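Written below as structure tokens is the structure these notes are about.
Protein chains in written order, with our numbering: chain A, 1 to 252; chain B, 1001 to 1301.
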């Protein structure tokens, strides 16, 4: 078993032993779409709103739950705790690849996100939400969201490694919310105001939101939309990995 | 146990500068054989930080040479450079200049090789509070390349050694300070290291826990492991160490066996009062004792 999976297993165990840390990860992401749906579902009715493709507005809002849930990066807070407590140095003094210390946590974030995403989709089922892409669409959605969770968590761990401060790391996770609000999370991009449309076009989270949304709403796979979503993840992943390797190797 | 420093001291040489000591030892006919048995050796080891107020020389060219199988005490006031030295020797920090070999392996050239040969218990008991003692040791075993079965066996062995069998399935978070230190010590021993670095292992412990740690250190050393110990408790160094070095402001200012250092100070003072290691420490670091209203205060001379 590689060092990464050994350390990943430990991080999974850590998450299971701190269920209280998962509560905001579930509650806050559910809060926004529930409120949004309650406010405008009568305006955006499935039978009169073209972009819903015959589905309820709750289905349109599902990515607005899934992406924030994958963007908490709580494992970075555990990392800071380990840095402060000295266990991080203990791991650094072991004859393992130092990158595996961070990658083990990312591995567990991916696993955790798969479970959380599946759970949140299950919670949405009683509200009439279905994944239009079927089982395959559901699987692709899980992979997309889990990969994003790994990327975002990686950036949070970078903040943790650089700042070694729980406060700075916690503040870093708030970065996602402005990005979320500059996405077409209420209506599709072409229905936003011109200024907002331009802003959202420069926001990488927009393409993730659209890729996730297409899997939920459209039974035919929109490869171009999905391709952009996965491209965002791939580029962000490459940048995150490069920076992480550098940060952990330079860490003293 | 053979002591390089004691032998040098016994030859009546000046021990106030480690560099000079090493240079002089270059001429000793047994030098080659002695260096072969060194567990830790460094040459002009230095660390410079770039801090907010400019550059800081935390360690300014020290040359510790520690014979294999000994217990070596590294003493010094707060901020003297003890932990920085340990962090360099344990590959946790890069070396600014100079060189160091631990267990015969060059620290800068082969850090991974060094990590395989050393055990480290740093000042903060570096433990994962959310794991049980047993889980933590098993994980540590796996990280040092033991198979699952070997990890189980070694974990049980270590739990017995540090007398934590009863608490093994409790989360580390609930352990007392002494238990955490013992577990930390056990986790540093999973791979039977050649050199064990202990950075202030008894700081903050009650006297009973401190004695337990001393016992463990002795036992570990008897099994052949070289122990590099930093401490602020001079009694601890006196009890445990074959040799000590006192570092102040990044430089080694005194080194030798505790007995030799005390003898040397006693002879120099010539007042007939047997000095303690505390006296040696105060003398070496330029500090003195001043009694004010019954309290002992330490003041810079």
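Note that CB positions come from ideal geometry on N, CA and C, so glycine has one too. Nothing here was measured: the structure is a model prediction, and the numbers come from that model.
Where the region 1136-1166 of chain B meets chain A: residues whose CB sits under 8 Å from a CB there:
Flagged, chain order: 1139, 1140, 1142, 1143, 1144 and 1145.
Is it the case that the CB of residue 1202 (chain B) approaches a heavy atom of the ligand MG more closely than 7 Å?
Absence of the ligand MG is noted for the structure shown, with no ligands found whatsoever.
Our contact map puts residue 79 (chain A) next to residue 157 (chain A) with C-beta atoms below 8 Å; I'd like the distance itself, whole angstroms only.
The residue labelled residue 79 (chain A) in the question sits at position 79 within the first chain. The residue labelled residue 157 (chain A) in the question sits at position 157 within the first chain. Going by Cβ atoms, the distance from residue 79 (chain A) to residue 157 (chain A) rounds to 6 Å, so yes, they are a contact pair.
Any idea which residues DSSP pairs residue 1099 (chain B) with across the strands?
As a first step, residue 1099 (chain B) must be located in the second chain, where it is residue number 99. According to DSSP, residue 1099 (chain B) bridges with B:1043.
Taking only three categories from DSSP, how would you classify residue 203 (chain A)?
Taking the first chain and counting its residues from 1, one reaches residue 203 (chain A) at position 203. Looking at residue 203 (chain A) - three-state DSSP - the assignment turns out to be coil, as it is neither helix nor strand.
Is the beta carbon of residue 1188 (chain B) less than 8 Å from the beta carbon of residue 1120 (chain B)?
Here residue 1188 (chain B) is taken as the residue at index 188 of the second chain, counted from 1. Here residue 1120 (chain B) is taken as the residue at index 120 of the second chain, counted from 1. Yes, these two residues count as a Cβ contact at 8 Å.
Given that residue 1112 (chain B) touches chain A, what residues does it touch there, using C-beta distances under 8 Å?
For the purposes of this step, residue 1112 (chain B) is taken as residue 112 along the second chain, with counting starting at 1. Correct list: 95.
Please classify residue 1286 (chain B) as buried or exposed, where buried requires at least 16 other C-beta atoms within 10 Å of its C-beta.
The sequence position of residue 1286 (chain B) within the second chain is 286, counting from 1. That one is exposed.
State the Cα-Cα distance for the pair residue 48 (chain A) and residue 214 (chain A), rounded to the nearest angstrom.
Numbered from 1 along the first chain, position 48 holds the residue referred to as residue 48 (chain A). Numbered from 1 along the first chain, position 214 holds the residue referred to as residue 214 (chain A). Taking the straight line joining both Cα atoms gives about 19 Å.
Can you tell me which of A:194, A:103, A:30 and A:61 puts its alpha carbon nearest to the alpha carbon of residue 155 (chain A)?
In the first chain, the residue the question calls residue 155 (chain A) occupies position 155. Nearest option by C-alpha distance: A:103.
For residue 1120 (chain B), decide whether its Cβ has a neighbour in chain A, counting only Cβ atoms nearer than 8 Å.
Within the second chain, residue 1120 (chain B) is the residue found at index 120, counting from 1. It does: the Cβ of residue 1120 (chain B) has a partner Cβ on chain A nearer than 8 Å.
Please work out which residues of its chain come closer than 7 Å, Cβ to Cβ, to residue 1281 (chain B), disregarding the five sequence neighbours upstream and downstream, and give them in chain order.
Along the second chain, one-based indexing puts residue 1281 (chain B) at 281. Sequence-distant partners of residue 1281 (chain B) (beyond 5 residues in either direction) whose C-beta falls short of 7 Å from its own C-beta, in its chain, are 1075, 1234 and 1246.
Could you tell me whether any Cβ in chain B is nearer than 8 Å to the Cβ of residue 25 (chain A)?
Counting from 1 along the first chain, the entry for residue 25 (chain A) is found at position 25. False, the Cβ-Cβ gap to chain B never drops below 8 Å.
Assuming the contact rule is C-beta atoms closer than 8 Å, residue 1089 (chain B) and residue 1197 (chain B) should be a hit. Round their C-beta distance to whole Å, please.
Walking along the second chain from the start, residue 1089 (chain B) turns up at place 89. Walking along the second chain from the start, residue 1197 (chain B) turns up at place 197. Residue 1089 (chain B) to residue 1197 (chain B), Cβ: 7 Å. Contact.
Please compile the residues from chain A whose C-beta is within a distance smaller than 9 Å of the C-beta of residue 1126 (chain B).
By 1-based counting over the second chain, the position of residue 1126 (chain B) is 126. The contacting residues are 82, 85, 86, 87, 88, 89, 90, 91 and 93.
Between the region 85-102 of chain A and the region 1141-1155 of chain B, can you find at least three pairs of beta-carbon atoms closer than 8 Å?
Taking 8 Å as the limit for Cβ pairs, the verdict is that the region 85-102 of chain A does touch the region 1141-1155 of chain B.
Thinking residue 129 (chain A) and residue 56 (chain A) are a contact (beta carbons under 8 Å), I'd like their distance in whole angstroms, please.
The sequence position of residue 129 (chain A) within the first chain is 129, counting from 1. The sequence position of residue 56 (chain A) within the first chain is 56, counting from 1. Taking 8 Å as the upper bound for CB-CB distance, residue 129 (chain A) and residue 56 (chain A) are in contact here, some 7 Å apart.
Rounded to whole angstroms, what is the Cα-Cα separation between residue 230 (chain A) and residue 142 (chain A)?
Along the first chain, read from residue 1 onward, the residue named residue 230 (chain A) stands at position 230. Along the first chain, read from residue 1 onward, the residue named residue 142 (chain A) stands at position 142. Within the model, the alpha-carbon separation for residue 230 (chain A) versus residue 142 (chain A) is close to 12 Å.
At what residues does the alpha helix (DSSP H) containing residue 23 (chain A) begin and finish?
Start at 1 with the first residue of the first chain, and residue 23 (chain A) comes out as number 23. Its alpha helix (DSSP H) spans residues 23-40.
Within chain C, partners of residue 246 (chain A) - CB distance below 9 Å:
In the structure shown, chain C cannot be found, because the protein chains are A and B.
Can you check whether the CB of residue 1118 (chain B) is closer than 8 Å to the CB of residue 1100 (chain B)?
Position 100 of the second chain, counted from the start, is the residue given in the question as residue 1100 (chain B). Position 118 of the second chain, counted from the start, is the residue given in the question as residue 1118 (chain B). Cβ atoms of residue 1100 (chain B) and residue 1118 (chain B): not closer than 8 Å.
When the Cα of residue 1244 (chain B) is compared with those of B:1236, B:1250, B:1255 and B:1251, which residue comes out closest?
Within the second chain, numbered from 1, the residue matching residue 1244 (chain B) stands at position 244. Ranking the options by Cα distance to residue 1244 (chain B), first place goes to B:1255.
Residue 1177 (chain B): first and last residue of the uninterrupted alpha helix (DSSP H) it sits in
Numbered from its first residue, the second chain carries residue 1177 (chain B) at position 177. Start and end: 1177-1187.
On the three-state DSSP scale, how would you describe residue 96 (chain A)?
Taking the first chain and counting its residues from 1, one reaches residue 96 (chain A) at position 96. DSSP places residue 96 (chain A) outside both helix and strand once states are collapsed to three, so it counts as coil.
Those runs of the beta strand (DSSP E) which lie wholly inside the region 182-235 of chain A and span at least 3 residues
DSSP runs (the beta strand (DSSP E)) wholly in the region 182-235 of chain A: none.
Who pairs with residue 56 (chain A) in a beta bridge, going by DSSP?
Here residue 56 (chain A) refers to the residue found at position 56 of the first chain. According to DSSP, residue 56 (chain A) bridges with nothing at all.
Any chance the region 1147-1166 of chain B sits against the region 33-48 of chain A, with 3 or more Cβ pairs inside 8 Å?
The region 1147-1166 of chain B, when compared against the region 33-48 of chain A, does not touch it at the 8 Å Cβ threshold.
Residue environment, residue 1055 (chain B), which counts as buried when at least 16 other CB atoms sit within 10 Å
Locating residue 1055 (chain B) in the second chain gives position 55, where the first residue counts as 1. Burial check for residue 1055 (chain B): the Cβ neighbour count within 10 Å stays below 16, so the residue is exposed.
Using a Cβ-Cβ cut-off of less than 9 Å, list which residues of the region 1071-1104 of chain B approach chain A; keep chain order.
Among the residues of the region 1071-1104 of chain B, those with a Cβ less than 9 Å away from any Cβ of chain A are 1087, 1090, 1091, 1092, 1093 and 1094, in the order of the chain.
Chain A beta carbons: is any one of them nearer than 8 Å to that of residue 1239 (chain B)?
Mapped onto the second chain, residue 1239 (chain B) falls at position 239. Residue 1239 (chain B) does not count as touching chain A.
Of the choices B:1061, B:1190 and B:1177, whose alpha-carbon is the least far from that of residue 1116 (chain B)?
For the purposes of this step, residue 1116 (chain B) is taken as the residue at position 116 of the second chain. Taking only the C-alpha atoms, the option nearest residue 1116 (chain B) is B:1190.
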